[in-house]
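Structure, as structure tokens:
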Amino acid sequence: MKVWYNRIMFSRRIQQQARYLVTLLIKPVARLGITPNMLTCVGLLLSVVTAIVIAQGYLFLGGLLVLFAGIFDMFDGAMARATNAATTFGAFLDSTLDRFSESIILFGLLFYTLQHPGPQDSLWPALSEQTWMVLFIFVAMSGSLMVSYTKARAEGLGIECKTGLLARPERVILLAIGLLLNAGIWVLALLAVFTYVTALERILAVWRSSNRQSAEMTNSSYRQQQDTRDRTLPTVGINESIEPDVRPVPTSIPPLGGGVHPE
Numbered sequence: 000m001k002v003w004y005n006r007i008m009f010s011r012r013i014q015q016q017a018r019y020l021v022t023l024l025i026k027p028v029a030r031l032g033i034t035p036n037m038l039t040c041v042g043l044l045l046s047v048v049t050a051i052v053i054a055q056g057y058l059f060l061g062g063l064l065v066l067f068a069g070i071f072d073m074f075d076g077a078m079a080r081a082t083n084a085a086t087t088f089g090a091f092l093d094s095t096l097d098r099f100s101e102s103i104i105l106f107g108l109l110f111y112t113l114q115h116p117g118p119q120d121s122l123w124p125a126l127s128e129q130t131w132m133v134l135f136i137f138v139a140m141s142g143s144l145m146v147s148y149t150k151a152r153a154e155g156l157g158i159e160c161k162t163g164l165l166a167r168p169e170r171v172i173l174l175a176i177g178l179l180l181n182a183g184i185w186v187l188a189l190l191a192v193f194t195y196v197t198a199l200e201r202i203l204a205v206w207r208s209s210n211r212q213s214a215e216m217t218n219s220s221y222r223q224q225q226d227t228r229d230r231t232l233p234t235v236g237i238n239e240s241i242e243p244d245v246r247p248v249p250t251s252i253p254p255l256g257g258g259v260h261p262e
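Just so we're aligned, residue 0 is where the sequence shown starts under numbering that gives the first Met the number 0, counting upward by one.
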């Protein structure tokens, strides 16, 4: 558990440093009148170019473009922070086009795979490498969408969900490494497995958070009922006492034949 925590903290520190550097680079561009949404759309076009390059078989160049596109993806957010132009629609557009960008790049890799049916990695132990590549690309694409959807759905319910092994930055770096080293099938296998692991991690995290919220609401409701019940019960003061109803009892025993009368 400590290892995972340290890894997450390390990853977040890297992201924070990267955002800081990008913010410094983007400040001069902000003076040109370019809006964050413009940069978001340019990032989508860059992903289309990357997919075309990969589809044509230029895998090393495609890996470099994947890295550049991943860095460029932070420009729109940095521009919004630098110009105080962050909007709800801008955040929505950025998240939506990110899904398109990732799917388009994987589609470019799928097109390349279908055009090259022969073996691409001599170390791959299974037969029909092309079939495995197609399968891994499909699973990795659907898994990436599920990772993003679980986070978005949780936040829509008011639950923070930033846990998980393979968020978008890690997926971009892994895919770029696979293309640069011509080890695409191995990286796709990792993406196919660990994107679903990440989605399951987020499902479990949301389940724990929702159970914790339900328990807190139940305890709060119980305490409110107890307070209401305590306020409605009658109270007796410390110095107050209830005196019994004592009445004189007549008797005919002499010499008290006339009865007993209290003084």
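For each residue, glycine too, the CB sits at the ideal point set by N, CA and C.
Nothing here was measured: the structure is a model prediction, and the numbers come from that model.
Taken through DSSP and simplified to helix, strand or coil, A54 comes out as helix. K161 sits in coil when the DSSP states are folded into three classes, being neither helix nor strand. For L126, there is no enclosing alpha helix (DSSP H), as DSSP marks it with neither H nor E. With contacts defined by Cβ atoms closer than 8 Å, L45 and A68 form a contacting pair.
Residue environment for K150: buried (at least 16 other C-beta atoms within 10 angstroms of its C-beta). Using a Cβ distance threshold of 8 Å, V65 and V186 do not count as a contacting pair. The C-alpha of F135 is placed about 9 Å away from the C-alpha of L189.
With respect to the 8 Å criterion, P27 and D75 are not classified as neighbours on the basis of their beta carbons. In the displayed model, D72 falls within coil according to three-state DSSP, outside both helix and strand. In the structure shown, T82 adopts helical secondary structure according to DSSP, grouped into three states. Here L156 carries a coil assignment [DSSP, helix/strand/coil]. Here G32 is exposed: its Cβ has fewer than 16 other Cβ atoms, across all protein chains shown, within 10 Å. The Cβ atoms of R207 and G163 do not sit closer than 8 Å to each other. Put simply, the backbone Cα of W131 is about 11 Å away from that of L109.
If you draw a straight line from the Cα of L126 to the Cα of R152, it is about 39 Å long. Here the alpha carbons of R222 and G177 stand approximately 56 Å from one another. Annotation: T197 to L165 spans about 6 Å, alpha carbon to alpha carbon.
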